[in-house]
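Following our numbering, the residues of the sequence shown are numbered contiguously, the last one being 422. From the three backbone atoms N, C-alpha and C, an ideal C-beta is built for every residue, glycine too. To keep things clear, I will list the structure first and then write my remarks on it.
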Amino acid sequence: MKEYKHIVFDVDGTLLDTRRMTIRSLQETLRERHHLEKSEAELEFCLGIPGVDTLRRLGIEDVEGTLVQWLKNVEKYADLSKPFPGIPALLKALQQMGYRLGVVTSRTRRELTMDMKDRRFWNAFGAIVVADDTREHKPESAPLLCYLKRTEEKAEDVLYVGDTVNDFLCAQSAGVDFALAKWGALDAAVPCVTAPETPEELQAWLLRQQEISGKEKPQSSEQFPPRLL
């Protein structure tokens with residue numbers, strides 16, 4: 194059994210329940226700026242990819258202007274974004290278990306900063322990689338490779354937790370193990386080393402990995418100061 198040193202999380206659909214916020218703000222933007230009506234089902238593909246890629250896939254020509262308006266509408270629906278039940282407790286427990294925590298997200302720096310009202314929550318993470326940090330984005334390996342370079346860690350020492358097939362493909366290309374966060378996933382058939390139904394199940398699975406490996410715990414994550422954006 195593997196003994197990981199880093200547990201790295203996707204944001205949307207994994208740490209935060211942002212589905213309604215993202216889709217409603219996009220629907221409003223398309224309606225206001227382009228007189229387009231799209232159902233929630235038609236826009237679900239936008240979850241987990243950069244906003245620029247979403248607009249391009251929708252055939253929007255004025256990407257920059259539309260993105261600005263979309264971000265304004267996201268702020269209107271910001272109250273709909275919140276951590277999934279059990280996530281704050283999971284982060285605290287993983288730190289106590291000695292893991293270093295990180296984030297690799299398709300959000301831009303500005304988009305992520307909008308959700309950083311609770312600094313105590315985000316200070317749990319020692320390294321955060323956003324869309325601005327790489328030219329290529331998920332499903333390509335670049336975001337996780339950037340994380341590995343930034344933390345000077347090996348791929349085999351990292352577990353990436355996400356909710357989409359793009360998260361899995363990014364991890365696979367980078368040589369990193371992938372855990373499917375079924376509490377936020379729309380597709381339960383994504384390949385993974387484990388598919389916990391809840392954050393509590395992920396904690397229990399990692400605890401078993403430590404017990405089975407019989408190895409010494411990683412250094413306490415408290416020894417590593419957080420590096421935000």
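- [ ] Would you mind stating whether Leu273 and Arg213 have Cβ atoms separated by less than 8 Å?
- [x] Here residue 273 refers to the residue found at position 80 when the sequence shown is read from its first residue. Here residue 213 refers to the residue found at position 20 when the sequence shown is read from its first residue. The answer is yes: Cβ separation under 8 Å.
Open item on the list: Which runs of the beta strand (DSSP E) at least 3 residues long sit entirely within the segment 350–396? Give them in chain order.
Closed with: 351–355, 370–373
Open item on the list: Helix, strand or coil for Pro276? Go by DSSP, reduced to three states.
Closed with: Translated into the one-based positions of the sequence shown, residue 276 becomes position 83. The answer is strand: DSSP assigns Pro276 an E or B state.
Open item on the list: If you follow the beta strand (DSSP E) that Ile216 is in, where does it begin and where does it stop?
Closed with: Walking along the sequence shown from the start, residue 216 turns up at place 23. Note, Ile216: premise wrong, no beta strand (DSSP E); alpha helix (DSSP H) at 212–227.
TODO: With a threshold of 16 other CB atoms inside 10 Å of the CB of Pro278, please say whether the residue is buried or exposed.
DONE: Indexing the sequence shown from 1 puts residue 278 at position 85. Exposed: under 16 other Cβ atoms inside 10 Å.
Task: Residue of Val204, Arg293, Pro384, Arg249 minimising C-alpha distance to Val323 - done: Numbered from its first residue, the sequence shown carries residue 323 at position 130. For the residues Val204, Arg293, Pro384, Arg249, the minimum Cα distance to Val323 belongs to Val204.
Task: CA-to-CA distance, Ile405 to Thr215, given in whole angstroms - done: Translated into the one-based positions of the sequence shown, residue 215 becomes position 22. Translated into the one-based positions of the sequence shown, residue 405 becomes position 212. Near 40 Å, if we compare the C-alpha coordinates of Ile405 and Thr215.
Task: Burial state of Gln396, where buried means 16 or more other Cβ atoms lie within 10 Å - done: Taking the sequence shown and counting its residues from 1, the one referred to as residue 396 is at position 203. Buried is the call here.
Task: Contact the segment 309–318 vs the segment 249–260: 3+ CB pairs below 8 Å - done: Counting Cβ pairs under 8 Å, fewer than three are found: no touch.
- [ ] Kindly confirm or deny that the segment 283–301 and the segment 373–384 touch, where touching means at least three C-beta pairs closer than 8 Å.
- [x] Contact between the segment 283–301 and the segment 373–384 is absent: fewer than three C-beta pairs spanning the two stretches fall below 8 Å.
TODO: Could you check the C-alpha separation between Glu254 and Lys269 for me, to the nearest Å?
DONE: Here the question's residue 254 lines up with position 61 in the sequence shown. Here the question's residue 269 lines up with position 76 in the sequence shown. C-alpha separation (whole angstroms): 24 Å.
Task: Through-space distance from Asp325 to Arg302, alpha-carbon basis - done: Within the sequence shown, the letter at position 109 stands for residue 302. Within the sequence shown, the letter at position 132 stands for residue 325. Taking the straight line from one Cα to the other gives about 7 Å.
Open item on the list: In whole angstroms, give me the CA-to-CA distance for Phe371 and Glu233.
Closed with: In the sequence shown, residue 371 corresponds to position 178, counting from 1. In the sequence shown, residue 233 corresponds to position 40, counting from 1. About 27 Å.
Task: Range of the contiguous alpha helix (DSSP H) that encloses Ala234 - done: Here the question's residue 234 lines up with position 41 in the sequence shown. Note, Ala234: alpha helix (DSSP H), 233–236.
Open item on the list: With H, G and I counted as helix, E and B as strand and the rest as coil, what does DSSP make of Leu209?
Closed with: Within the sequence shown, residue 209 is the residue found at index 16, counting from 1. Residue state, collapsed to three classes: strand.
Task: Selection from Gln289, Leu236, Thr306, Cys363 that minimises the alpha carbon distance to Leu399 - done: Stepping through the sequence shown from its first residue, residue 399 is reached at position 206. Closest option to Leu399, Cα to Cα, is Gln289.
- [ ] Report buried or exposed for Lys342, applying the criterion of at least 16 other Cβ atoms within 10 angstroms of its Cβ.
- [x] By 1-based counting over the sequence shown, the position of residue 342 is 149. Counting the other CB atoms within 10 Å of its CB gives Lys342 a total below 16, which places it among the exposed residues.
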